[in-house]
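J.:
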Amino acid sequence: MRGALGKWFALAALAAASLGASAQTVGLSQDTHAYAFSSPESVASQPGVVASHDVHIEGANWLRLQFDGVKLPNGAKLRITSLQDGAQQHLSAKTIAEWQNTSAYFNGSAVRVELLASKAGRAGQFGIVKVLAGKPQVEPESQCGTTDDRVASNVSDRARLIDVGCTVNLMTKGCFITAGHCMASPSLVDVVEFNVPKSNPDRSLNHPPPKDQYVPTATRKFSNGGVGNDWGVFTVAPNSETGLTPLQAQGSTLRRSKVLPVVGGEVRIHGYGVDSGVDNQTQQFSFGPIATVNTGSTSMSYKADTEGGNSGSAVLSGGRVVAIHTHGGCTQSGGANQGTLYTNTGFKKAFKEICSVAK
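In terms of the numbering used here, the sequence shown opens at residue 12 and continues consecutively.
1) Indicate whether E204 and D174 have their beta-carbon atoms separated by less than 8 Å.
2) For A302, tell me which candidate among Q294, S308, V278, Y283 has the shortest Cα-Cα distance.
3) Specify, as a first and last residue, the run of the beta strand (DSSP E) that K232 falls within.
4) So, helix, strand or coil for Q261, using DSSP?
5) On the DSSP letters alone, give me the boundaries of the alpha helix (DSSP H) that C366 sits inside.
6) Note down, in chain order, each residue of its chain lying with its Cβ closer than 7 Å to the Cβ of Q100, except the 5 sequence neighbours on either side.
7) Going by C-alpha distance, which of H281, E318, T306, W73 is nearest G330?
8) Could you have a look at S222 and say whether DSSP puts it in helix, strand or coil?
9) Check each candidate in F358, S367, T36, G135 and name the one with the smallest Cα separation from I188.
10) Thinking C-beta only, is S53 closer than 8 Å to A134?
11) Look at the alpha carbon of N217 and the alpha carbon of S210, and state the distance between them as a whole number of angstroms.
12) Quick check: T306 and A190, are their CB atoms within less than 8 Å of each other?
13) Within the chosen definition, does the region 122–130 reach the region 61–71 through at least 3 CB pairs nearer than 8 Å?
14) Since L265 contacts V332 with CB under 8 Å, what's their CB separation in whole angstroms?
15) Under the three-state reduction of DSSP, which class applies to E277: helix, strand or coil?
16) In the DSSP assignment, find the unbroken alpha helix (DSSP H) run with E109 in it and report its ends.
17) Kindly provide the ranges of any beta strand (DSSP E) runs that are 3 or more residues long and lie completely inside the region 35–94, ordered along the chain.
18) Among residues of its own chain, excluding the 5 on either side of N112, which ones have a beta-carbon nearer than 8 Å to its beta-carbon?
19) In three-state terms, what does DSSP make of C155?
20) Assuming contact is defined by CB atoms lying nearer than 8 Å, are Y46 and I107 in contact in what I supplied?
21) What span of residues does the beta strand (DSSP E) with L127 cover, start to end?
22) Looking only at its own chain, which residues have a Cβ that is under 8 Å from the Cβ of S164, when we skip the five neighbours before and after it?
23) For N180, report the span of its beta strand (DSSP E) as first-last.
24) Taking 8 Å as the cut-off, decide whether the C-beta atoms of M182 and C366 are in contact.
25) Is L143 near L74, with beta carbons less than 8 Å apart?
26) Does D213 pass the burial test, meaning 16 or more other C-beta atoms within 10 Å, or should it be called exposed?
27) Does the distance from the C-beta atom of N240 to that of T309 stay below 8 Å?
28) Are the beta-carbon atoms belonging to V304 and V274 less than 8 Å from one another?
29) Under the three-state reduction of DSSP, which class applies to V270: helix, strand or coil?
30) With a Cβ-Cβ cutoff of 8 Å, do G320 and V285 count as a contact?
31) For G381, tell me which candidate among K88, N85, S120, A369 has the shortest Cα-Cα distance.
32) Give me, in chain order, the residues of the same chain whose beta-carbon lies closer than 6 Å to that of S167; leave out the 5 immediate sequence neighbours on both sides.
33) Check for me: the beta strand (DSSP E) holding Q136 runs from which residue to which?
34) If we ignore side chains and look at the alpha-carbon of each, how far apart do R267 and S93 end up?
35) Tell me which residues share the same chain as Q136 and place their Cβ nearer than 8 Å to its Cβ, disregarding the 5 neighbours each side in the sequence.
The following block contains the structure:
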């Protein structure tokens with residue numbers, strides 16, 4: 012098992028072990044490039060493009076930009092376009108603030124940034140100060156038992172959280188649940204990605220278009236207290252392209268259980284764990300028996316395959332969420348993976364508080 016908690020533009024290790032288990036995050040493999048571009052303050056003679064700049068990082072699998080000095084008058088927008096697949100993101104003064112002066116993830120080694128004026132007159136300006144450039148993932152693998160039993164899946168209420176490398180789950184009220192250690196660094200500017208495409212053969216990631224990427228808000232609560240007390244609840248802003256919330260866009264959600272799971276019962280887990288080739292950090296499904304249920308420590312263990320990147324996966328029994336997967340404990344010769352039961356008092360309180368304001 013492996014784990015690496017990604018910080019924005021700087022990967023940093025975060026140990027989150029309990030009872031011999033390891034937290035199952037997997038940070039992005041990426042390089043950080045300082046960048047120095049600033050457009051002049053533009054005045055438009057008519058609506059349209061008033062400034063343009065191409066960013067190219069040779070050999071990058073994907074790019075993400077950090078902006079600075081952005082001034083967007085009412086109606087003005089930044090348009091970012093992948094020169095590989097044409098995917099676009101449009102950022103207004105409101106949405107670039109929600110994205111904390113960052114862009115979505117774009118496939119390929121080059122993007123075009125354009126300043127769009129909606130009318131004649133002052134059109135603003137923008138600067139780019141840093142660029143994240145993706146490269147092949149290099150994490151090793153492991154699983155429960157001698158074979159990896161995960162299979163590809165595409166349920167619409169699970170998503171990938173990057174660059175920390177976790178799984179998040181869309182609940183009926185429009186909020187998300189995940190592992191607390193996935194939210195433990197206040198410097199993260201993570202992105203929730205739905206409809207994740209296959210990765211490249213070298214394991215480097217591909218990203219869905221910006222219409223399927225969402226940025227978390229400051230409305231969140233979490234606990235990073237180890238096995239049995241590791242949970243997180245948060246909301247995201249509406250999508251910058253569609254204006255839709257995930258609840259509106261995805262059409263499927265999860266519900267918490269009202270019944271305790273039982274030893275010997277089956278759990279089902281979907282998540283974005285690491286793998287070889289094109290399956291790396293794409294959605295996969297596994298199932299297995301429940302090994303233990305401990306109501307005192309609000310923890311449970313199970314023998315269903317998970318990998319780094321599965322942290323935060325909803326653990327389902329009887330079709331409802333009974334736990335949040337947080338820690339790996341399986342080996343090829345035994346052990347079990349572990350999570351936090353839905354009965355955790357802090358989690359239940361936070362869920363009620365955060366999810367009541369979600370949309």
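Cβ coordinates follow ideal geometry from the N, Cα and C atoms, glycine included.
Predicted, not measured: the structure shown is a model, and the values here were computed from it.
T.: With the given structure in hand:
1) Taking the first residue of the sequence shown as 1, we reach residue 204 at position 193. Taking the first residue of the sequence shown as 1, we reach residue 174 at position 163. No. Outside cutoff.
2) By 1-based counting over the sequence shown, the position of residue 302 is 291. Nearest option by C-alpha distance: V278.
3) For this step, residue 232 is matched to residue 221 along the sequence shown. Where K232 is concerned, the enclosing beta strand (DSSP E) starts and stops at 227–235.
4) Within the sequence shown, residue 261 is the residue found at index 250, counting from 1. In the structure shown, Q261 sits in a helix (DSSP, three-state: H, G or I).
5) Indexing the sequence shown from 1 puts residue 366 at position 355. Note, C366: alpha helix (DSSP H), 356–366.
6) Along the sequence shown, read from residue 1 onward, the residue named residue 100 stands at position 89. The answer, listed in chain order, is I91, S114, A115, P221, S251, E252.
7) Position 319 of the sequence shown, counted from the first residue, corresponds to residue 330. Of the candidates H281, E318, T306, W73, the residue whose Cα lies closest to the Cα of G330 is H281.
8) As a working mapping, residue 222 is identified with position 211 in the sequence shown. Here the sequence assigns Lys to residue 222, which means Ser is not the residue at that position. Helix.
9) What you label residue 188 is simply residue 177 of the sequence shown in a count that begins at 1. The shortest Cα separation from I188 among F358, S367, T36, G135 belongs to F358.
10) For the purposes of this step, residue 134 is identified with residue 123 of the sequence shown, where counting begins at 1. For the purposes of this step, residue 53 is identified with residue 42 of the sequence shown, where counting begins at 1. It is a contact, given that the beta carbons lie within the stated cut-off.
11) Numbered from 1 along the sequence shown, position 206 holds the residue referred to as residue 217. Numbered from 1 along the sequence shown, position 199 holds the residue referred to as residue 210. Cα to Cα, the separation comes out at about 5 Å.
12) The residue you call residue 306 lines up with position 295 of the sequence shown. The residue you call residue 190 lines up with position 179 of the sequence shown. Contact annotation: T306 and A190 have beta-carbon atoms that are not nearer than 8 Å.
13) Contact between the region 122–130 and the region 61–71 is present, with at least three C-beta pairs closer than 8 Å.
14) Along the sequence shown, one-based indexing puts residue 265 at 254. Along the sequence shown, one-based indexing puts residue 332 at 321. Right, the Cβ-Cβ distance comes to about 5 Å (below 8 Å), so this counts as a contact.
15) Sequence index remark: in the sequence shown, residue 277 carries index 266 (1-based). Assignment of E277 by DSSP, reduced to helix, strand and coil, places it in the strand class.
16) Stepping through the sequence shown from its first residue, residue 109 is reached at position 98. Where E109 is concerned, the enclosing alpha helix (DSSP H) starts and stops at 104–109.
17) The qualifying runs are 41–49, 53–55, 59–67, 73–82, 88–93.
18) Taking the sequence shown and counting its residues from 1, one reaches residue 112 at position 101. Excluding sequence neighbours, N112 sits near Q77, F78, D79, V81.
19) Taking the sequence shown and counting its residues from 1, one reaches residue 155 at position 144. Looking at C155 - three-state DSSP - the assignment turns out to be coil, as it is neither helix nor strand.
20) Counting from 1 along the sequence shown, the entry for residue 46 is found at position 35. Counting from 1 along the sequence shown, the entry for residue 107 is found at position 96. Cβ atoms of Y46 and I107: not closer than 8 Å.
21) What you label residue 127 is simply residue 116 of the sequence shown in a count that begins at 1. Unbroken beta strand (DSSP E) run through L127: 121–128.
22) Position 153 of the sequence shown, counted from the start, is the residue given in the question as residue 164. Contacts found: H281, Q294, Q295, F296.
23) As a first step, residue 180 is located in the sequence shown; it is residue number 169 there, counting from the start. Segment 177–181, the beta strand (DSSP E) holding N180.
24) Counting from one through the sequence shown, the residue named residue 182 turns up at place 171. Counting from one through the sequence shown, the residue named residue 366 turns up at place 355. Contact: yes.
25) Along the sequence shown, read from residue 1 onward, the residue named residue 143 stands at position 132. Along the sequence shown, read from residue 1 onward, the residue named residue 74 stands at position 63. Cβ atoms of L143 and L74: closer than 8 Å.
26) Counted from its first residue, the sequence shown places residue 213 at position 202. Exposed, since its Cβ has fewer than 16 Cβ neighbours within 10 Å.
27) The count along the sequence shown starts at 1 and reaches residue 240 at position 229. The count along the sequence shown starts at 1 and reaches residue 309 at position 298. Result yes, Cβ atoms of N240 and T309 sit closer than 8 Å.
28) Position 293 of the sequence shown, counted from the first residue, corresponds to residue 304. Position 263 of the sequence shown, counted from the first residue, corresponds to residue 274. Their beta carbons are under 8 Å apart, which means V304 touches V274 by this criterion.
29) Taking the first residue of the sequence shown as position 1, residue 270 is located at position 259. It is coil, neither helix nor strand.
30) Looking up residue 320 in the sequence shown gives position 309. Looking up residue 285 in the sequence shown gives position 274. The Cβ atoms of G320 and V285 lie closer than 8 Å to each other.
31) The structure shown does not extend to residue 381, since the chain spans only 12 to 370, so no value can be given for it.
32) As a position in the sequence shown, residue 167 is number 156, starting the count at 1. Answer for S167: Q261, S263, listed in chain order.
33) Taking the sequence shown and counting its residues from 1, one reaches residue 136 at position 125. For Q136, the uninterrupted beta strand (DSSP E) run begins and ends at 132–145, by DSSP.
34) One-based indexing of the sequence shown puts residue 267 at position 256. One-based indexing of the sequence shown puts residue 93 at position 82. Between the C-alpha atoms of R267 and S93 there is a straight-line separation of about 39 Å.
35) For this step, residue 136 is matched to residue 125 along the sequence shown. Excluding five sequence positions before and after Q136, the CB atoms of its chain that fall closer than 8 Å to its own CB belong to S49, S50, P51, E52, S53, A62, G80, V81, K82, L126, given in chain order.
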